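The opening position of the sequence shown corresponds to residue 1 in UniProt numbering, with each subsequent residue numbered one higher.
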Amino acid sequence: MLEKIAVNLLAGVPAVVKPATVTSYLTEAVVKEIIASNILPKGALQLLCGSAGDMLEHVTSQDIVTFTGSATTGLMLKSGKRILEESVPFTMEADSLNCIVLGDDVTPEMPEWDIFIKEVRKEMTTKCGQKCTAIRRIFVPENKIEDIQIALGKALAQTTIGNPLNSTVRMGSLAGQSQKEEVKNQIQKLLASSQIIYGSLDSVELIDADANKGAFISPILLLNQNPFASTAVHEVEAFGPVSTLMPYNNIEEAIALAKLGKGSLVSSIVTASSTIAKQYVLGAGAYHGRILVLNNECAKESTGHGSPLPLLVHGGPGRAGGGEEMGGMRGVFCSGASFDELAAIQTEKEGLKFFSGFANVINEMRKAPQLIIVRVQGKCVGGGVGLAAAADYAIACEGAEVKLSELAVGIGPFVVGPAVERKLGLSAFSQLTIDASLWRNGDWARLASSGIHRQLKKLFHP
1 MLEKIAVNLL AGVPAVVKPA TVTSYLTEAV VKEIIASNIL PKGALQLLCG SAGDMLEHVT
61 SQDIVTFTGS ATTGLMLKSG KRILEESVPF TMEADSLNCI VLGDDVTPEM PEWDIFIKEV
121 RKEMTTKCGQ KCTAIRRIFV PENKIEDIQI ALGKALAQTT IGNPLNSTVR MGSLAGQSQK
181 EEVKNQIQKL LASSQIIYGS LDSVELIDAD ANKGAFISPI LLLNQNPFAS TAVHEVEAFG
241 PVSTLMPYNN IEEAIALAKL GKGSLVSSIV TASSTIAKQY VLGAGAYHGR ILVLNNECAK
301 ESTGHGSPLP LLVHGGPGRA GGGEEMGGMR GVFCSGASFD ELAAIQTEKE GLKFFSGFAN
361 VINEMRKAPQ LIIVRVQGKC VGGGVGLAAA ADYAIACEGA EVKLSELAVG IGPFVVGPAV
421 ERKLGLSAFS QLTIDASLWR NGDWARLASS GIHRQLKKLF HP
């Protein structure tokens with residue numbers, strides 16, 4: 001929810017959130033905390049639990065619908081009469097059969113081998129596999145399939161399951177009993193052409209939990225020996241801790257198998273070879289929202305296969321919904337507006353409603369080739385801080401002070417963050433967001449950016 005509404009809030013557009021009924025309890029608790037904090041204007045965030053009724057029959061071309069869920073439900077909503085009549089922008093993030101590839105160059109002695117195993121285990125078990133970006137398909141060189149099977153089995157066996165309040169537990173339950181039955185039904189479809197090589201549909205060892213009171217299931221690892229002929233694995237998603245291991249013979253086959261998913265949110269490849277990585281990215285790129293290349297040099301700082309990043313576009317082609325979310329300024333600018341919608345703006349009032357204030361200005365300032373100098377004469381907050389930081393030089397007059405105020409929590413980092421970090425550094429930006437109620441002046445800025453200040457002092461006073 002938070003990543004979905006971020007661009008709304010940045011653009012000054014209210015958000016009406018409709019969570020899945022089974023998960024609405026947690027959503028309600030989070031929204032309640034946000035409302036109680038008074039960081040948003042009244043009505044900026046609204047929550048609807050239960051049925052949405054005929055809400056989508058009242059949308060207009062000035063609204064935006066963002067959907068996350070199954071491809072079937074998404075298609076039904078996207079095809080709604082009102083959506084089509086009003087040309088309502090519809091952003092869909094649907095379930096997708098995301099995949100990971102082990103490069104043919106990787107051997108058990110290499111650090112990339114362990115990176116691969118850890119990444120698969122993490123993506124299978126985090127949130128009990130209930131993530132739109134979870135790894136569903138695992139492609140491994142045929143001559144390494146047995147070794148990977150053994151290594152994954154050992155890694156998954158370390159996953160303790162049970163009450164998430166217990167500090168020793170690493171995986172909780174599915175969202176509910178209905179979800180558990182749905183996952184089992186989907187696994188049965190996959191078993192028509194695959195076999196279980198780790199886990200069980202009938203039993204699971206729990207810690208500090210009662211199997212009769214929770215929708216617990218063990219991680220399930222399947223093996224499909226003939227992924228080109230048995231294609232259910234490229235069509236059926238079990239939305240839980242379930243993934244299928246498959247062999248390939250060369251990088252061309254790995255690319256072809258990745259494409260059989262007909263579009264996904266993310267794919268990853270673990271390889272120490274830049275040649276293999278380049279081949280895969282160029283060959284499979286058009287079928288995935290993003291591709292993560294992992295090796296020993298970048299793994300430590302990587303956020304991993306399944307983490308959408310605010311400044312990257314999140315979405316995917318084909319089965320994944322064809323939507324685009326976040327993407328830094330792309331997510332804010334007109335929130336997916338078409339050229340016709342832009343051309344239809346005739347008055348200042350319409351433009352003010354349509355555009356997003358400081359955000360697009362900050363972005364253009366950061367990209368402009370010209371030298372930009374700004375002067376802060378008084379107190380500025382939020383977007384004003386971003387404007388000052390986006391400039392090449394900011395002159396603070398006597399009495400000038402800044403603070404992030406209402407942009408501090410959940411909003412500021414997306415737009416103001418990159419600009420402020422470039423000027424003052426990550427540490428200073430963290431202080432601004434944590435102590436958002438405090439005014440900061442030029443003396444504070446000089447201390448916060450002491451590294452830069454020392455360099456300038458040395459430059460002008462050697």
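We put the CB at the ideal spot given by N, CA and C, even for glycine. All figures in this text were calculated on a predicted structure; none of them were measured in a lab.
Membership of glycine 69 in the beta strand (DSSP E) is indicated by the continuous run 65 to 69. In the three-state scheme derived from DSSP, where H, G and I count as helix and E and B as strand, leucine 97 is classed as coil. Bridge partners of serine 264 according to DSSP: His288. DSSP lists Ile373 as the beta-bridge partner residues of tyrosine 393. Taking C-beta atoms as the reference points, proline 14 and glutamine 46 count as a pair closer than 8 Å. Counting only runs that start and end inside the stretch 136 to 215, the beta strand (DSSP E) elements of at least 3 residues fall at 137 to 141, 195 to 198. Following the DSSP letters along the chain, one finds isoleucine 115 inside the alpha helix (DSSP H) bounded by residues 111 to 125.
Leucine 47 has Val17 as its beta-bridge partners, per DSSP.
Here the alpha carbons of glutamine 370 and serine 264 stand approximately 39 Å from one another.
Of all C-beta pairs linking the stretch 64 to 73 to the stretch 32 to 46, fewer than three are shorter than 8 Å, placing the two stretches out of contact.
Taking C-beta atoms as the reference points, valine 22 and methionine 1 fail to come closer than 8 Å. Take glycine 74, set aside five residues on each side of it, and the residues of its chain with a beta-carbon closer than 7 Å to its own are Phe67, Met92, Ala94, Gly321, in chain order. Short of 6 Å from the beta carbon of methionine 171, and not among the five residues preceding or following it, lie these beta carbons of its own chain, in chain order: Thr125, Cys128, Thr159, Ile161.
With a contact defined as Cβ atoms closer than 8 Å, glycine 289 and alanine 134 miss out at about 14 Å. The beta carbon of leucine 292 lies closer than 6 Å to those of Ser268, His305 in the same chain, with the five residues before and after it left out. Closest option to lysine 300, judged by alpha-carbon separation, among Ile220, Phe116, Ile145, Gln179: Phe116. Membership of threonine 27 in the alpha helix (DSSP H) is indicated by the continuous run 24 to 37. For isoleucine 220, the enclosing beta strand (DSSP E) stretches over residues 220 to 223.
Between the C-alpha atoms of isoleucine 276 and alanine 238 there is a straight-line separation of about 30 Å.
Taking each of Leu56, Leu102, Leu97 in turn and checking the Cα distance to glycine 80, the smallest one comes out for Leu56. Taking a C-beta distance under 8 Å as the contact criterion, asparagine 296 and alanine 272 qualify as a contact pair.
If you ignore the 5 residues before and after alanine 232, its C-beta comes within less than 7 Å of the C-beta of Lys189, Leu190, Ala192, Ser193, all in its own chain and listed in chain order. Using a Cβ distance threshold of 8 Å, alanine 286 and phenylalanine 139 do not count as a contacting pair. Contact check for aspartate 104 against proline 141 passes: the beta carbons are separated by less than 8 Å. Under DSSP, isoleucine 269 takes part in a beta bridge, and its partners are Val101, Val293.
Closest by C-alpha distance to serine 70, out of Val17, Ile217, Val236, Ile207, is Val236. Rounded to the nearest whole angstrom, the CA to CA distance from serine 218 to valine 204 is 6 Å. Beta-bridge analysis with DSSP links serine 243 to Leu221. Serine 51 counts as exposed, since fewer than 16 other C-beta atoms from the protein chains shown sit within 10 angstroms of its C-beta. Sequence-distant Cβ neighbours of leucine 206 in its own chain, meaning closer than 7 Å and more than five residues away, are Ile161, Gly162, Phe216. Assigned with DSSP and collapsed to three states, threonine 275 falls in helix. In the DSSP assignment, phenylalanine 90 forms a beta bridge with Val65. Shown here for valine 281: same chain residues with a beta carbon closer than 6 Å to its own, the five before and five after excluded, namely Ile291 in chain order.
In the same chain as glutamine 179, and ignoring 5 residues on each side of it, the C-beta atoms closer than 8 Å to its own belong to Val22, Gln130, Ala215, Phe239, Gly240, in chain order.
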